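Working notes, beginning with the structure itself.
Residue numbers (my numbering): 555 to 831.
And the structure:
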């Protein structure tokens, strides 16, 4: 069981930026799962008053799974550390039955192991206790937007001839030191020395993406958090088409020692290389 730290008696409470989140009537249902009744009530009140959703509150994972079988839910806030069925097991079962349902994990721990485990099970985002309510509101909006996109019908397939005429989305530079591929994002190239990624679709700062990184012919699986999006620019692709390309700063997280060493050695080699070559 996690504990919710209480502010000092003389501390002045900082209210969230309510004006941005207030709504006059519910716009969906949020299932909040936490074994701490006090924290559960705080989240429920915030969801109702400042997000504009109808909260449904339960105190364990099994109750959450039962409720999802009988009620339409648009979002789940799920605590990781709970007695009985913990949040990770509940997340696994929720995603098995409702793969497009957005789930935000809530954790009182700061260990990257919990974060990585939750992401592998399909969590859409996570927040740490004590929860910053403004941060939570942004996480909710991101998760809801992602859920709406997931429910859209897939685009019509393109035939091979059309794809050949379109050519590559972006013309790669010959000096690109390494290439990555993001799931669901058209990522083009990366400068590891500057931790910059170029891609056509903008990623959301703060979100973590799974990356398949190829360095000197070796494949390295890593997770990276998008830190911020830099100024965009336009490039010319096949057929003279112009595309907007964004540059995103990345922070690698949860690297295994072997992967971290490989990336470090590669970056050091880039920095020592004669730029005129």
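For every residue, glycine included, the Cβ atom is placed at its ideal position computed from N, Cα and C.
Since the model is a prediction, treat every value here as computed from it, not as a measurement.
Review point. So what's residue 655 in DSSP terms, helix, strand or just coil?
Key: Three-state DSSP puts residue 655 in coil, outside helix and strand.
Practice item. Might you give, ordered along the chain, the residues of its own chain that have their beta carbon closer than 8 Å to the beta carbon of residue 697, omitting 5 neighbours on each side? Key: If the five residues before and after residue 697 are omitted, its C-beta is found closer than 8 Å to the C-beta atoms of 629, 656, 657, 658, 678, 679, all from its own chain and listed in chain order.
Check your understanding: With distances taken between CB atoms, is the gap from residue 594 to residue 610 smaller than 8 Å?
Key -> Result no, Cβ atoms of residue 594 and residue 610 do not sit closer than 8 Å.
Exercise for review: Please confirm whether residue 620 and residue 587 have their CB atoms less than 8 Å apart.
Suggested key: Taking a C-beta distance under 8 Å as the contact criterion, residue 620 and residue 587 do not qualify as a contact pair.
Practice item. Within the segment 594-668, note down every full alpha helix (DSSP H) run reaching 4 residues or more, in order along the chain. Key: Considered as a whole, the segment 594-668 harbours 615-622, 641-651 as its complete alpha helix (DSSP H) runs of no fewer than 4 residues, in chain order.
Review point. Taking 8 Å as the CB-CB cut-off, is residue 676 touching chain B?
Key: Checking the listed chains, one finds no chain B in this structure; it contains a single protein chain.
Point to revise | Coarse secondary structure for residue 677, derived from DSSP in three states | key: Reduced to three states, the DSSP call for residue 677 is coil.
Review point. What first and last residue would you give for the beta strand (DSSP E) that runs through residue 685?
Key: Here residue 685 belongs to no beta strand (DSSP E), and DSSP marks it neither H nor E.
Exercise for review: Starting from residue 583, trace the beta strand (DSSP E) both ways and give me its first and last residue.
Suggested key: Counting along the chain, residue 583 sits inside the beta strand (DSSP E) bounded by residues 583-587.
Review point. Going by the beta-carbon positions, is the gap between residue 616 and residue 639 smaller than 8 Å?
Key: Their beta carbons are under 8 Å apart, which means residue 616 touches residue 639 by this criterion.
Review point. With C-beta atoms as the reference, is residue 605 less than 8 Å away from residue 694?
Key: Cβ distance < 8 Å, so residue 605 and residue 694 count as in contact.
Review point. With a Cβ-Cβ cutoff of 8 Å, do residue 600 and residue 687 count as a contact?
Key: Going by C-beta atoms, residue 600 is nearer than 8 Å to residue 687.
Practice item. Starting from the Cα of residue 645, find the closest Cα among 590, 624, 669, 625 and give me that residue. Key: Nearest of 590, 624, 669, 625 to residue 645, Cα basis: 669.
Point to revise | Through-space distance from residue 651 to residue 675, alpha-carbon basis | key: For residue 675 and residue 651, the distance between alpha carbons rounds to 13 Å.
Check your understanding: On the premise that residue 612 lies in contact with residue 583, defined as a C-beta separation below 8 Å, what is that separation, rounded to the nearest angstrom?
Key -> 12 Å between Cβ atoms; not a contact.
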